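Residue numbers (the UniProt record's numbering): 1 to 439.
Using N, Cα and C, we set each Cβ at its ideal position, and we do this for glycine too.
All figures in this text were calculated on a predicted structure; none of them were measured in a lab.
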Amino acid sequence: MLAEAYRGGEIQGPTVVEFPLRAPDGEVARVSAEVRVSRCGPHHLLVAWERGNRQALARAAQHLARTCWMEWNLTGQPPRASFGVRHVLGLHRDAPLPGLVDVAAMTDHAGAESLYQVLYDVLLRGRTAECDLRLPARRNGVLRLLAEPVFRPGGPVWAVRGVMMDVTGDRLTRHRARHAEREATRARDRAQAFGEVAAAFRDALSPRFAGGKVPSGLETAAVYRPDEGAGVGGDWYKARVLPDGRTLLALGDARGHGLAAVTLMAKLRYALAGLAFTAHPVEHLTGWLSDVACDDGPESTATAIVGAYHPERRLLRWVSAGHPAPLLLRDGRVRPLALPPDATGLPLGVVPDTAYTAVETVLAAGDVVLMYSDGLVERRGSDIDADTELLRHRAERLARTSLRRGTGGLQAYAEHVVRAMSDSPQTDDATLLAVRCLP
């Protein structure tokens, strides 16, 4: 440094120099200093040092934070700037320091207008102002400028001092966050609209089921509990007296949620209503219903209980297409209806031309049959057999306290059963169809 300063005459440094220094007590300490060397006259050198390396740390901090400062003098003197200003502005290291007009030329039209407003506030109003400057030459990098006036002692503003920080990453993060928020809002709005359409569709297609007595000697009640998350599901049911005197009793669950499930549910429900008028036995109706589901492709599957009640014999003939067997409440006890192995059929829509076997159950006066969808018993992380046993136990207990004769008694009982099996939040829709055999 000494030789270079003497030969070239240019100031050398600041350079960080470290050396050991022995203290009076004999301890050796590490000393760090910033040294500058400049030539003074033809034969002398001026050596100046500052204990510590505060300037080096300041430069490092500015570099890491991509921050710099500049001061523009209004008297025509060259601007002053901190170390790293060219790096922040994206200039060559040998480029001259830019004036205020040069900075305005470096930004886009919006940035130039913002800069002029800042200068108006600083120079004419004498107050601090700030703005963003986008630099097209730096791949649309963004600088945050905070400027303040520098007053001549007892006089007007004679300089503008500004701190500039590269906030490109921050602005990009904010832009992405706003974009993500907008997309999330659009997705939420689409999902809400989709759910509202599906719910309206389902409501329009759901049976207007008032319950009560039917001409075939049955009392019926139904409860539907929607899924709180997906909004709508594929549960459906049907209870209708047929021209031949039988009563069609059916309950099913179309695969999935949303509009697709509601569409399949509607197709199966209306198809069964039409097929039932052929007066064919329920095993044939179920097979044909499965073929209807097969026509919609491999994703259009459903489970169902399809039954027909013969009032003259108090006989319920029913078919399970991959669906839980109904429960029978008799003499205060609840048990699942027996489902022989050969009567356990495939879900609807799995294989064309599937043959089903019907189960025959003779009912007695006062018997109550409970048909339900799996959403009433299935719980995430739980055993389905244990949950079915829980339903049996609660239905039996509630029969002693909630099941009354007369108008509305069966409906109130069905609602109590569904409420007893409900969790919060509901993760699947659930349906219960209750049928009581009257004396």
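Query                                                                                                      : Result
Presumed contact (8 angstroms Cβ cut-off) between D94 and S114, rounded CB distance                        : Actually they are not in contact, since the Cβ atoms of D94 and S114 sit about 29 angstroms apart, beyond 8 angstroms.
Beta-carbon proximity list for F209, same chain, < 8 angstroms, skipping 5 on both sides                   : With a pLDDT of 48 at F209, under the threshold of 50, the predicted position of this residue should be treated as unreliable, though the coordinate-derived value follows. Answer for F209: T220, A222, Y237 and A239, listed in chain order.
Three-state secondary structure (DSSP) of M421                                                             : coil
Distance between G99 and G141 (C-alpha atoms, nearest Å)                                                   : 19 angstroms
Complete alpha helix (DSSP H) runs within the stretch 81-148 (minimum length 4 residues, chain order)      : 85-89, 100-106 and 109-119
At least three beta-carbon pairs within less than 8 angstroms, the stretch 147-159 to the stretch 58-69    : no
Limits of the unbroken beta strand (DSSP E) element including E219                                         : L218 to R225
Status (buried if at least 16 other CB within 10 Å, exposed otherwise) for M421                            : buried
Inter-residue CB distance, A254 and A308 (contact presumed, cutoff 8 angstroms)                            : With a Cβ gap of about 21 angstroms, A254 and A308 do not count as contacting.
Any 3 or more C-beta pairs closer than 8 angstroms across the stretch 329-336 and the stretch 391-404      : yes
Segment contact flag, the stretch 310-327 with the stretch 342-362, C-beta cutoff 8 angstroms, min 3 pairs : yes
Local Cβ density within 10 Å of G258, reported as buried at 16 or more and exposed below that              : buried
Helix, strand or coil at T15 according to DSSP, with G and I counted as helix                              : strand
9 angstroms Cβ cutoff met for A430 and R225                                                                : yes
Boundaries of the alpha helix (DSSP H) in which A401 is found, first to last residue                       : Residue identity check: residue 401 is Thr in the sequence provided, not Ala. Per DSSP, T401 belongs to the alpha helix (DSSP H) from I384 to S402.
Contained beta strand (DSSP E) runs [length at least 3] in the stretch 334-379, N- to C-terminal order     : 359-362 and 368-372
Residue span of the beta strand (DSSP E) that contains S320, given as start and end                        : L315 to A321
Beta-carbon proximity of T107 to P79, cut-off 9 angstroms                                                  : no
Helix, strand or coil at M1 [DSSP, three-state]                                                            : coil
For T401 and G245, the rounded distance between their alpha carbons                                        : 33 angstroms
Expected contact under 8 angstroms - CB spacing of G322 and P347 to nearest Å                              : 3 angstroms
V418 and L363 closer than 9 angstroms at C-beta                                                            : no
Given 8 angstroms, three or more beta-carbon pairs between the stretch 115-130 and the stretch 173-183     : no
Among G409, G349, P324 and L410, the one whose alpha carbon lies nearest that of I384                      : P324
D331, DSSP secondary structure in three states                                                             : coil
N-terminal and C-terminal residue of the alpha helix (DSSP H) that E10 is part of                          : Note, E10: premise wrong, no alpha helix (DSSP H); not H, not E.
Proximity of L143 and V167 at Cβ, strictly below 9 angstroms                                               : yes
Helix, strand or coil at L242 according to DSSP, with G and I counted as helix                             : coil
Proximity below 9 angstroms, CB of G76 to CB of R39                                                        : no
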